[in-house]
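The numbering used here applies: residue -18 is where the sequence shown begins, and numbers increase by one. A virtual CB, placed ideally from N, CA and C, is assigned to each residue, including glycine.
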Amino acid sequence: MEIKQAKIAIATHYLTYGPSQALREYLWQEKNNVLLFLAHPLAGSNKEDRSYFELIENGLIKIKKTAGRRSQNFFWNCLAELFLSIKWLMANRQKYDLFVGVDNWNCLAGLFLKRLGLTKKVVYYVIDYFPKRFDNRLLNLFYYQLDKFCVKYADETWNLSPNMAEAREKFHGMSKERYNRQKVVPIGVWFDTIVRQDFSQVKKHQAVFVGHLLEMMGVQLAIRAIPLIIKKIPDFHFLVIGGGEYEATLKNLAKEIGVESQITFTGWIKDRQERDRLMADSAVGLATFNTDILDEKVKNADPAKIKDYLVLGLPVILTNAPSNAYDLQDNGCGLVVGYQAASLVDALVEMLLNEQKLAQYRVNALRYIKQYNWPVIFDFNLKRVLNIL
-18 MEIKQAKIAI ATHYLTYGPS QALREYLWQE KNNVLLFLAH PLAGSNKEDR
32 SYFELIENGL IKIKKTAGRR SQNFFWNCLA ELFLSIKWLM ANRQKYDLFV
82 GVDNWNCLAG LFLKRLGLTK KVVYYVIDYF PKRFDNRLLN LFYYQLDKFC
132 VKYADETWNL SPNMAEAREK FHGMSKERYN RQKVVPIGVW FDTIVRQDFS
182 QVKKHQAVFV GHLLEMMGVQ LAIRAIPLII KKIPDFHFLV IGGGEYEATL
232 KNLAKEIGVE SQITFTGWIK DRQERDRLMA DSAVGLATFN TDILDEKVKN
282 ADPAKIKDYL VLGLPVILTN APSNAYDLQD NGCGLVVGYQ AASLVDALVE
332 MLLNEQKLAQ YRVNALRYIK QYNWPVIFDF NLKRVLNIL
């Protein structure tokens, strides 16, 4: 059996584009025999968003159905999502070769369906992992017991980072020897379809940040560094793409230190092509995670922004929070800095005032990121779990 002959279901939550949407896109491009895509709004998203499913056969959407208004009560909403995933898959009256549950709640639906004989295998796809998910102790305990259950009974667990398995062992006593079906399936990129900017058209003195504006993301470090940067690069500009609860604080900081004219805040850009077009204009990407307050969420993850920069040819200036920080530096496509303004200023000046170095780092970035092409990642991992290797 080839991948395109398999019947595959994906259950996920959605807010922005992520691995589950990439997997859907890959299988769609492969004109997969049967693909059932079950999607539920992420908690905290727009209250008008709805759960929906798509039944795609040989690259064509045969059925698309949207649920009614969802409850604003978190617990009722969780139960409704579980019920809808099970109901929609059963309603299609097909047996699936593989069910991919993206997070433990969606995986639970898959394990129940496997028990009913409606899917042969279940993959538990884990996007992030950190010891304290909820402030409520009982809810937190339930969440991690469910994670443990899914890792134990799923045919494979796909972790974005090797640090996830280590964190399970460290914080929850889940030895990697016993829970040994955990695989590393990192964030990927669409290398062959991305539109890159010609180096001659790149704004050589512009840096970009893309992502959720939280204190731990460290955008404030870049803003505080701007008065020092413009002493050496007077036309320096900082493009900030994204939004979040820390956005107002960052704007106030820029106003307070008088660098508003050097920064553009775009807010969230949902159109991925438009976002990529804006990013591609910049010379470097920033991932200056605040290592003074950083939690396990970033340490155990595989931050997508880094690969989003690299696939566009942007070298990355980052702190040592991500597990691959020094790997990027060793491969000549990134510079690791301390979480101090002076360290960031030195790295930006070194990169932005040396066009020859910037051009070489762009070449290195594209050479490095090719290994993370989504088709390569999904082809290898799906063949293994479906026993087609």
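Closest by C-alpha distance to residue i, when choosing among the options
i        : options                         : result
Asn13    : Tyr77, Glu237, Trp171, Glu29    : Tyr77
Ala328   : Gly294, Gln352, Ile207, Leu347  : Ile207
Leu377   : His153, Leu141, Asp116, Ser142  : The displayed coordinates of the chain run from -18 to 370. Any statement about residue 377 would go beyond what the structure contains.
Glu38    : Asp273, Ala(-13), Tyr124        : Ala(-13)
Leu70    : Ile(-11), Arg31, Gln53, Pro143  : Ile(-11)
Tyr248   : Arg159, Ser242, Arg256          : One point to set straight first is that residue 248 is Gly, not Tyr, in the sequence displayed. Nearest option by C-alpha distance: Arg256.
Asp216   : Phe34, Arg74, Asn271, Val330    : Val330
Arg162   : Lys129, Phe172, Thr(-3), Arg177 : Lys129
Arg365   : Lys164, Phe93, Asn58            : Lys164
Thr(-7)  : Tyr7, Met(-18), Leu63           : Leu63
Ser242   : Ile211, Ala268, Ala264          : Ile211
Ala268   : Ile250, Val297, Leu293          : Val297
Leu120   : Met155, Phe55, Lys157, Glu147   : Phe55
Ile(-16) : Cys88, Tyr(-2), Leu16, Lys113   : Leu16
Arg51    : Glu29, Ile42, Gly40, Leu41      : Glu29
Val191   : Ala20, Lys338, Pro167, Ala285   : Ala285
Gln201   : Glu237, Asp173, Thr174          : Glu237
Pro303   : Asn144, Leu209, Ile175          : Asn144
Exposure label - residue i; buried when at least 16 CB within 10 Å
i      : result
Leu60  : exposed
Asn117 : exposed
Ala346 : buried
Phe18  : buried
Ser66  : buried
Ala24  : exposed
Trp355 : buried
Arg74  : exposed
Phe359 : buried
Val357 : exposed
Asp289 : buried
Phe219 : buried
Leu11  : Sequence check: residue 11 is Glu here, not Leu. That one is buried.
Leu89  : buried
Leu41  : exposed
Leu291 : buried
Ser32  : buried
Leu122 : exposed
Ala72  : exposed
Interface flag, residue i vs chain C, CB-CB below 8 Å
i     : result
Phe56 : No chain C appears in this structure, which consists of one protein chain only.
Spatial distance of residue i from residue j (CA atoms)
i       : j       : result
Ala188  : Gly98   : 52 Å
Asp314  : Leu325  : Contrary to the premise, residue 314 reads as Cys rather than Asp in this sequence. Between Cys314 and Leu325, the C-alpha separation is close to 16 Å.
Ala203  : Tyr349  : 26 Å
Gly169  : Asn85   : 21 Å
Val183  : Lys213  : 19 Å
Gln310  : Tyr353  : 17 Å
Val240  : His186  : 15 Å
Arg343  : Gly266  : 11 Å
Ile44   : Leu36   : 5 Å
Lys46   : Phe34   : 6 Å
Ile274  : Lys101  : 43 Å
Asn58   : Leu(-4) : 16 Å
Lys68   : Ala3    : 24 Å
Ile(-9) : Asn27   : 22 Å
Asp252  : Glu6    : 16 Å
Gln53   : Pro22   : 12 Å
Phe270  : Glu150  : 25 Å
Gly(-1) : Pro167  : 11 Å
Asn312  : Leu299  : 14 Å
Gln337  : Asp179  : 15 Å
Gln254  : Gly224  : 18 Å
Val81   : Glu226  : 31 Å
Beta-carbon proximity of residue i to residue j, cut-off 8 Å
i        : j      : result
Val103   : Asp136 : yes
Leu259   : Ile287 : no
Tyr160   : Lys133 : yes
Asn301   : Val317 : yes
Tyr320   : Thr245 : no
Ala306   : Arg205 : no
Arg177   : Gly294 : yes
Ala282   : Ser142 : yes
Asn362   : Trp139 : yes
Phe115   : Tyr105 : no
Val83    : Ser181 : no
Leu92    : Cys131 : yes
Ala261   : Leu333 : no
Leu8     : Leu367 : no
Ala146   : Lys157 : yes
Met(-18) : Ile369 : yes
| query | Are the segment 188 to 207 and the segment 222 to 239 touching, with three or more C-beta to C-beta distances below 8 Å? | reply | As far as the Cβ criterion goes, the segment 188 to 207 touches the segment 222 to 239, which means the pair count is three or higher.
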